[in-house]
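Chains as they are written, first to last, in UniProt numbering: chain A, 1 to 101; chain B, 1 to 461.
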Amino acid sequence: MAASVAIQLEFGGGAELLFNGVKEHHVTLPSQTEPWDMKQLLVWIQRNLLKERPELFVQGDSVRPGILVLINDADWELMGELDYQLQDQDNIVFISTLHGG
Amino acid sequence: MAQEVVGLKAQLKEKENDIAALKKKLAQLEKSHTSALELRERVTPLTPLKAKAALCNEDIMRYSRQLLLPELGVKGQLNLSKTSVLVVGCGGLGCPLAQYLAAAGIGRLGLLDYDEVELSNLHRQVLHGEENQGQAKALSAANAVRRLNSTVECVPYHLQLSPENALQLIQQYPASQSSAYIYNVPTRYLVNDACVLSGKPLVSASALRMDGQLTVYNYCGGPCYRCLYPVPPPPETVTNCSDGGVLGVVPGIMGCFQALEVLKIASGQRSSCSQQLVMFDAQDARFRSIKLRPKQASCAVCGENPIVTRLVDYETFCGSAATDKCRRLNLLPRDQRITVQDYKSIMDKAEPHLLLDVRPLVEVDICHLPISLNIPLSSLEERKSEHIQLLQERISQLKQQMAGDRHPPVYVICKMGNDSQTAVQVLEKLSGSEVDSISLKDICGGLMAWSRKIDPTFPQY
Ligand SMILES: [Zn+2]
């Protein structure tokens, strides 16, 4: 059994509007047999935090185009994307790209 | 005799001063007259920018405070004067950007915008004034910039950037260039690809609500916009300033930030924003810099085997039109929609009905029709019980006023006539189950059409 994982989730650039305008969420992912990865985290967010309009956040098993994911202040592409295994105290940020001016 | 000499000398001195003043005035007039600004409606060749060999005394005086910086110095200042920058969009970002580039002594500024100045622009587009309403933004910006620094060559373009003209235009801004307030997704990809194909850095920023973002693309081996966003976002997820709102100072800050990065690149220093995303959260007054992925070998335009080797149709690629104007949805059949004129006559005849305004509360606070009931679309979608209850109460009251057992009519209104259609679809599902059966219609064009066609005293926003 892998221990439970406490992480900080942040939403910005308008993505927080899908989560009642709340930008920071401290969450604890329950312990499970497999270690938590980003793919499972997205499912968990959908089930536990995202109340409405999931199509504005996820597409297939990843985030929708136009949302950048950052793991500990680095582009998740540098960290293995969906396969990244979450560590206790990780900081995961979801940023919607802006198009106004 | 001696007294006479002194008197004449004094007179002579006075006349000489007058002559000097007149000469100065004439020189200034001639200077501003010879460079009358010509608004360009299409891309035409520009004469090469003349390289300055040295700074004149006036330059030294004007730029003295920045010449003292070892980071810039005379060499950097001369580099600035050799640089042409194209500013795509003279809006909330483009205004401070153009202003600071001109103030710092950039050589040539291309100012591109397809729109005219409107009153609702002035809270953030600070180069334009009240008297410029209706004028091409590019021209208004160019005139303002020239008042600030007449030695900067301004080229205003009143045109829409397209796959046909973008390369030709961007190639004319040779040294270092292109900063963008780009108002929509197709134009973002268009400008990115044109910059990659012509080998120019792109200093790109955006701002919405209380957030800002900035990245320098295609610079010093870093990634381009497509490396980060190979797939465009679904059109329905894109919010623009007229939908989402923006606090004017937020694009102001981001435009100044763009100017800073352009000046660093143009003067020969390096920008530190390549492969970085700078995020500004105005609410928490926090800047944050994120390391992005490097240039992608698989990128469609800057990768090892590029598929995009010339500019393509970006509207098809992104599935949305390349204007900042609001999209018009047609979700409902014709017979389920009424015009604002129809609604006016329903009001005039005092026919019993319910007018349901589904805009968010912040917009209802700006303006609303006095008899309307406000339940935001989001509350309907979430089926918030207190709101459903409120709706049911009003439907019951309406039933008592009506003879017979006709379904009570409910007219749904919003700002532009898009959300009202979605709301009708949501209410259709509630009608006859969670609330009594109602007859639903939406009002085409919403409150903005009401303001334009029925009541000009109703505010536009
Ligand atoms: Zn690329």
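C-beta atoms are modelled at their ideal positions from N, C-alpha and C, and glycine is treated no differently.
Looking at chain B, is there any beta carbon in it that lies within less than 9 Å of the beta carbon of A/Q46?
The sequence position of residue 46 of chain A within the first sequence is 46, counting from 1. Not one chain B Cβ lies under 9 Å of A/Q46.
With A/V27 as the anchor, note down where its beta strand (DSSP E) starts and where it stops.
Counting from 1 along the first sequence, the entry for residue 27 of chain A is found at position 27. Taken as a continuous stretch (DSSP letters only), the beta strand (DSSP E) holding A/V27 covers E24 to L29.
Using only alpha-carbon positions, find the residue among B/L69, B/C414, B/K15 and B/A194 that is nearest to B/L86.
In the second sequence, the residue the question calls residue 86 of chain B occupies position 86. Ranking the options by Cα distance to B/L86, first place goes to B/A194.
Name the chain A residues whose beta carbon is nearer than 9 Å to that of B/I290?
Along the second sequence, read from residue 1 onward, the residue named residue 290 of chain B stands at position 290. Here the neighbours are L68, L70, D73, A74, D75, V93 and I95.
Within the present structure, is the beta-carbon of B/G303 separated from the nearest heavy atom of ligand 1 by less than 8 Å?
Residue 303 of chain B sits at position 303 when you count from the first residue of the second sequence. B/G303: yes, Cβ under 8 Å from ligand 1.
Could you pull out every residue in the same chain whose Cβ sits closer than 7 Å to the Cβ of B/S267, ignoring the five residues on either side in sequence?
By 1-based counting over the second sequence, the position of residue 267 of chain B is 267. Within the same chain, B/S267 has close Cβ partners L72, G76, N79 and L80.
With a 10 Å radius around its C-beta and 16 neighbouring C-beta atoms as the bar for buried, classify B/D324 as buried or exposed.
One-based indexing of the second sequence puts residue 324 of chain B at position 324. Its pLDDT being 47, under 50, B/D324 is placed unreliably in this model, and the coordinates cannot settle the point.
Does the CB of B/N17 have a neighbour CB from chain A at under 9 Å?
Within the second sequence, numbered from 1, the residue matching residue 17 of chain B stands at position 17. Taking Cβ atoms only, chain A never reaches closer than 9 Å to B/N17, which makes this a no.
Could you please give the first and the last residue of the uninterrupted beta strand (DSSP E) stretch that includes B/C256?
Within the second sequence, the letter at position 256 stands for residue 256 of chain B. Careful: B/C256 lies outside any beta strand (DSSP E), inside the alpha helix (DSSP H) at V249 to S267.
Exposed or buried, what is B/S176 when buried is set at 16 or more other beta-carbons lying within 10 Å of its beta-carbon?
Residue 176 of chain B sits at position 176 when you count from the first residue of the second sequence. In this predicted model, B/S176 has a pLDDT of only 44, less than 50, meaning its place in the structure is not dependable enough to derive any value.
Is B/Q296 near ligand 1 - that is, is its Cβ less than 8 Å away from at least one heavy atom of it?
Here residue 296 of chain B refers to the residue found at position 296 when the second sequence is read from its first residue. For ligand 1, at least one heavy atom lies less than 8 Å from the Cβ of B/Q296.
Is the CB-CB distance between B/L355 and B/L369 below 9 Å?
Residue numbering aside, residue 355 of chain B sits at position 355 when the second sequence is read from its first letter. Residue numbering aside, residue 369 of chain B sits at position 369 when the second sequence is read from its first letter. Closer than 9 Å, so yes.
When DSSP builds the beta bridges, which residues end up paired with A/I95?
Position 95 of the first sequence, counted from the start, is the residue given in the question as residue 95 of chain A. In DSSP, A/I95 forms a bridge with A/G12 and A/L68.
Of the choices B/L26, B/Y411, B/D348 and B/Q341, whose alpha-carbon is the least far from that of B/S372?
Within the second sequence, the letter at position 372 stands for residue 372 of chain B. Checking every option, the nearest Cα to that of B/S372 belongs to B/Y411.
Indicate, with yes or no, if ligand 1 has a heavy atom lying under 8 Å from the CB of B/C220.
As a working mapping, residue 220 of chain B is identified with position 220 in the second sequence. Outside the cutoff, so no.
Kindly provide the ranges of any beta strand (DSSP E) runs that are 3 or more residues long and lie completely inside the segment 145 to 174 of chain B, ordered along the chain.
Listed in chain order, they are 153 to 157.
Hey, is B/R310 close to ligand 2, as in C-beta under 8 Å from one of its heavy atoms?
Ligand 2 is absent from the structure shown, which contains only ligand 1.
Check whether the segment 384 to 401 of chain B and the segment 436 to 443 of chain B touch, using three or more Cβ-Cβ pairs below 8 Å as the test.
In short, these stretches touch, since the Cβ pair count reaches three.
Give the interface partners of A/L98 over in chain B, defined as CB-CB distance under 8 Å, in chain order.
Start at 1 with the first residue of the first sequence, and residue 98 of chain A comes out as number 98. Within 8 Å Cβ-Cβ: S206, A207, L208, D211, G212 and Q213.
Following a CB-centred definition, is B/R293 positioned closer than 8 Å to any heavy atom of ligand 1?
By one-based count along the second sequence, residue 293 of chain B stands at place 293. Not under cutoff, so the answer is no.
Sort out for me which residues DSSP pairs A/A74 with in a bridge.
Indexing the first sequence from 1 puts residue 74 of chain A at position 74. Its beta-bridge partners are A/I71 and B/K291.
Less than 8 Å separating the Cβ of B/R188 from some heavy atom of ligand 1?
As a working note, residue 188 of chain B is residue 188 in the second sequence. Every heavy atom of ligand 1 is 8 Å or more from the Cβ of B/R188, so no.
On the DSSP letters alone, give me the boundaries of the beta strand (DSSP E) that A/G60 sits inside.
The residue given as residue 60 of chain A occupies position 60 in the first sequence. That residue, A/G60, is in no beta strand (DSSP E); it is neither H nor E in DSSP.
Identify each residue in the segment 118 to 147 of chain B for which the Cβ-Cβ distance to at least one residue of chain A is less than 9 Å, and report them in chain order.
Listed by position, the residues of the segment 118 to 147 of chain B near chain A (Cβ gap below 9 Å) are R124.
Measure the C-alpha to C-alpha separation of B/C95 and B/T187 and round it to an integer number of angstroms.
Translated into positions along the second sequence, residue 95 of chain B becomes position 95. Translated into positions along the second sequence, residue 187 of chain B becomes position 187. Going by the C-alpha atoms only, they are around 19 Å apart.
Considering B/S379, what are the terminal residues of the alpha helix (DSSP H) in which it resides?
Numbered from 1 along the second sequence, position 379 holds the residue referred to as residue 379 of chain B. From DSSP, the alpha helix (DSSP H) with B/S379 extends over L377 to E382.
If you run the structure through DSSP and keep just helix, strand and coil, what is B/G91?
Here residue 91 of chain B refers to the residue found at position 91 of the second sequence. Coil at B/G91, not helix or strand.
Helix, strand or coil: which one does DSSP assign to residue 476 of chain B?
The structure shown has nothing for residue 476 of chain B, since chain B only spans 1 to 461.
Look at the Cβ atom of B/L197, then the Cβ atom of B/V216, and state whether they are nearer than 9 Å.
The residue you call residue 197 of chain B lines up with position 197 of the second sequence. The residue you call residue 216 of chain B lines up with position 216 of the second sequence. No. Outside cutoff.
Would you identify the three-state DSSP class for B/A449, choosing helix, strand or coil?
Numbered from its first residue, the second sequence carries residue 449 of chain B at position 449. Here B/A449 sits in helix by DSSP.
Anyone know if the C-beta pair for B/D442 and B/G404 falls short of 9 Å?
Position 442 of the second sequence holds residue 442 of chain B. Position 404 of the second sequence holds residue 404 of chain B. No. Outside cutoff.
Can you name the residues that DSSP bridges to B/M279?
The residue given as residue 279 of chain B occupies position 279 in the second sequence. Per DSSP, B/Q213 and B/R288.
For a test of the three-state rule: what should DSSP assign to B/E116, helix, strand or coil?
Within the second sequence, residue 116 of chain B is the residue found at index 116, counting from 1. Here B/E116 sits in strand by DSSP.
What residue range is occupied by the uninterrupted beta strand (DSSP E) comprising B/A207?
Numbered from its first residue, the second sequence carries residue 207 of chain B at position 207. Element bounds for B/A207: L202 to L208.
Closer than 8 Å: is that where the CB of B/P235 sits relative to any heavy atom of ligand 1?
In the second sequence, the residue the question calls residue 235 of chain B occupies position 235. The answer is no for B/P235.
Checking contacts by CB at 9 Å: is A/E34 closer than that to chain B?
Taking the first sequence and counting its residues from 1, the one referred to as residue 34 of chain A is at position 34. Closer than 9 Å: no.
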